[in-house]
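Chemist: Which chain is which? The protein sequence lines are A and B, in order. Note that the first sequence ends on residue 672 in our numbering; no numbers are left out. Note that the second sequence ends on residue 672 in our numbering; no numbers are left out. All C-beta atoms in this analysis are idealised placements derived from N, C-alpha and C, irrespective of residue type, glycine included. There's a structure below that I have some questions on.
2 protein chains.
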Amino acid sequence: MKIGEAAKESGVNAKLIRHYESIGIIPKAARSEAGYRKYSEADVHILKFVKRSRALGFSMKEIKKLVGLWRNKSRASLEVKNLALKHVEEMENKIQELQDMVRTLRHLAKNCHGDSRPDCPILEDLATSR
Amino acid sequence: MKIGEAAKESGVNAKLIRHYESIGIIPKAARSEAGYRKYSEADVHILKFVKRSRALGFSMKEIKKLVGLWRNKSRASLEVKNLALKHVEEMENKIQELQDMVRTLRHLAKNCHGDSRPDCPILEDLATSR
DNA sequence: CATCCACCTTCCAACGGTTGGAAGGTCAAT
DNA sequence: ATTGACCTTCCAACCGTTGGAAGGTGGATG
Numbered sequence: 543m544k545i546g547e548a549a550k551e552s553g554v555n556a557k558l559i560r561h562y563e564s565i566g567i568i569p570k571a572a573r574s575e576a577g578y579r580k581y582s583e584a585d586v587h588i589l590k591f592v593k594r595s596r597a598l599g600f601s602m603k604e605i606k607k608l609v610g611l612w613r614n615k616s617r618a619s620l621e622v623k624n625l626a627l628k629h630v631e632e633m634e635n636k637i638q639e640l641q642d643m644v645r646t647l648r649h650l651a652k653n654c655h656g657d658s659r660p661d662c663p664i665l666e667d668l669a670t671s672r
Numbered sequence: 543m544k545i546g547e548a549a550k551e552s553g554v555n556a557k558l559i560r561h562y563e564s565i566g567i568i569p570k571a572a573r574s575e576a577g578y579r580k581y582s583e584a585d586v587h588i589l590k591f592v593k594r595s596r597a598l599g600f601s602m603k604e605i606k607k608l609v610g611l612w613r614n615k616s617r618a619s620l621e622v623k624n625l626a627l628k629h630v631e632e633m634e635n636k637i638q639e640l641q642d643m644v645r646t647l648r649h650l651a652k653n654c655h656g657d658s659r660p661d662c663p664i665l666e667d668l669a670t671s672r
């Protein structure tokens with residue numbers, strides 16, 4: 543399988559596949575005589591694994607670990623679970639941050655006329671030191 | 543006021559102040575004879591405005607607009623309000639995304655022993671095409 | 001006056017994750 | 001023989017921030 547087909551199969555862009563290889567997320571692909579990268583079904587499987595991990599918000603660093611754990615059949619599930627829960631915690635912190643911002647901005651926007659007049663509580667807030 | 547003092551006053555790092563100037567977020571600072579940037583209280587005020595806007599999650603592009611609107615006394619509050627509400631909407635989308643990921647991962651983690659055994663529903667999920 | 005230190009200057013590069021382009025090689029079909 | 005679809009590598013961009021290197025300036029000390 544050449545990279546284009548592996549891309550189609552896995553749903554991961556060919557460019558991105560090369561990138562993942564270059565940063566060591568996935569193993570270096572075997573090469574054909576002409577120098578083309580060759581992929582097996584197992585390789586495609588890894589790519590799908592990476593894609594799914596990205597969709598769950600893991601960083602590339604975390605994914606590197608996850609791929610390692612996945613391929614190591616003697617891993618402890620504790621390690622995976624801790625990685626996942628740490629990630630969940632980070633996402634929850636991010637959510638909290640965003641919600642705070644949304645709350646503040648919604649409040650400010652509610653008190654803003656939103657017409658052709660220039661006075662605007664949003665700008666007033668931004669311009670105020672706290 | 544030199545850049546260090548302006549940084550302390552505004553809470554914006556000196557390095558970041560230069561960066562903001564270079565990308566046109568804030569006007570080019572006046573210079574002393576030796577070439578040092580000089581800042582007024584008004585400049586510090588702009589820096590605080592930018593800082594506060596960042597804290598509310600606005601992108602630099604949006605902040606550029608906001609600074610422009612703030613300094614333009616004949617602006618319409620509608621424009622500011624729309625900018626703010628568009629930003630709120632984006633943040634709410636992001637929150638939704640994150641919540642979906644958290645929900646999925648929490649569910650997977652709950653079914654994971656989290657001990658020394660290797661079998662792990664989290665990895666199984668990641669390895670499954672959908 | 002010399003020296004020291006804290007400050008300032010510019011320029012260049014890195015982080016993460018992805019995407020784009022340029023310039024060129026390879027392979028199959030027309 | 002030429003086209004066109006694919007592949008290769010390398011380099012740069014996005015965003016916002018931070019870091020370092022290499023050098024100039026200002027004011028206080030010895």
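Strictly under 9 Å for the Cβ-Cβ distance: is Glu634(A) near chain B by that measure?
Modeler: So yes, Glu634(A) belongs to the interface.
Chemist: Give me the Cα-Cα distance between Ser582(B) and Asn624(B), rounded to the nearest whole angstrom.
Modeler: Distance between the alpha carbons of Ser582(B) and Asn624(B) is about 31 Å.
Chemist: Starting from Thr646(A), trace the alpha helix (DSSP H) both ways and give me its first and last residue.
Modeler: That run of the alpha helix (DSSP H) goes 619-652.
Chemist: I'd like to know whether the C-beta of Ile637(A) is nearer than 9 Å to at least one C-beta of chain B.
Modeler: Judged by the 9 Å Cβ criterion, Ile637(A) is in contact with chain B.
Chemist: Going by DSSP, what residues sit across from Ala572(A) in a beta bridge?
Modeler: According to DSSP, Ala572(A) bridges with Lys580(A).
Chemist: Between the segment 572-596 of chain B and chain A, which residues of the former have a C-beta closer than 8 Å to a C-beta of the latter?
Modeler: Going along the segment 572-596 of chain B in chain order, one finds His587, Lys590, Phe591, Arg594, Ser595 with a Cβ nearer than 8 Å to chain A.
Chemist: Can you check whether the C-beta of Glu644(A) is within less than 9 Å of a C-beta belonging to chain B?
Modeler: As written in the sequence, residue 644(A) is Val, which differs from the Glu given in the question. Taking Cβ atoms only, chain B reaches closer than 9 Å to Val644(A), which makes this a yes.
Chemist: Using a C-beta to C-beta distance shorter than 9 Å, which residues of chain A count as neighbours of Ile568(B)?
Modeler: Result: empty, since nearest Cβ-Cβ is about 14 Å, beyond 9 Å.
Chemist: Cutting at 8 Å between CB atoms, please list the residues of its own chain near Cys654(B), excluding the five before and the five after it.
Modeler: Counting only Cβ-Cβ distances below 8 Å, and skipping sequence neighbours, we find Cys662, Pro663, Ile664.
Chemist: Report back the beta-carbon spacing between Thr646(A) and Leu598(B) to the nearest angstrom; my notes put them in contact at under 8 Å.
Modeler: Thr646(A) to Leu598(B), Cβ: 6 Å. Contact.
Chemist: If I follow the unbroken alpha helix (DSSP H) through Met543(A), where does it start and stop?
Modeler: No alpha helix (DSSP H) holds Met543(A); DSSP gives it neither H nor E.
Chemist: Residue range of the alpha helix (DSSP H) that His561(A) falls in?
Modeler: It spans 556-564 - the alpha helix (DSSP H) in which His561(A) sits, taken as one unbroken run.
Chemist: I want to verify the contact list: residues of chain A whose CB lies under 9 Å from the CB of Val630(B), in sequence order.
Modeler: Residues of chain A passing the Cβ test: Met643, Val644, Leu647, Arg648, Ala651.
Chemist: Counting only Cβ pairs nearer than 9 Å, list the residues of chain A close to Arg617(B).
Modeler: Within chain A, the residues near Arg617(B) are Pro660, Cys662, Leu665.
Chemist: Which value, in whole angstroms, describes the spacing of the CA atoms of His561(B) and Ser601(B)?
Modeler: Distance between the alpha carbons of His561(B) and Ser601(B): 15 Å.
Chemist: Just the chain B side, please: which residues come within less than 9 Å of Ala626(A) by C-beta, in chain order?
Modeler: What Ala626(A) touches in chain B: Leu647, Arg648, Leu650, Ala651, Cys654, Ile664.
Chemist: Give a yes or no on whether 9 Å exceeds the smallest Cβ distance from Val554(A) to chain B.
Modeler: No, because no Cβ of chain B sits closer than 9 Å to the Cβ of Val554(A).
Chemist: Residues of chain B with CB closer than 8 Å to the CB of Leu668(A), please, in chain order.
Modeler: Residues of chain B passing the Cβ test: Phe591, Arg594, Ser595, Leu598, Leu608, Trp612.
Chemist: Name the two residues that bound the continuous alpha helix (DSSP H) containing Gly610(B).
Modeler: Element bounds for Gly610(B): 602-613.
Chemist: In three-state DSSP terms, what is Ala669(B)?
Modeler: Three-state DSSP puts Ala669(B) in coil, outside helix and strand.
Chemist: Between the Cα of Ile567(A) and those of Ser574(A), Gly546(A), Val644(A), Asp585(A), spot the shortest distance and give me the residue it belongs to.
Modeler: Among Ser574(A), Gly546(A), Val644(A), Asp585(A), the Cα nearest to that of Ile567(A) is on Asp585(A).
Chemist: Can you pull the chain B neighbours of Ser671(A), defined as C-beta to C-beta under 7 Å?
Modeler: Within chain B, the residues near Ser671(A) are Lys590.
Chemist: Among Val644(B), Arg648(B), Gly610(B), Lys603(B), whose alpha-carbon lies nearest the alpha-carbon of His629(B)?
Modeler: That would be Lys603(B), whose Cα lies nearest to the Cα of His629(B).
Chemist: Return helix, strand or coil for Leu598(A), following the three-state DSSP convention.
Modeler: Coil at Leu598(A), not helix or strand.
Chemist: So, at 8 Å on beta carbons, what are the nonlocal neighbours of Lys570(B) in its own chain, with the 5 sequence-adjacent residues on each side left out?
Modeler: The residues are Glu563.
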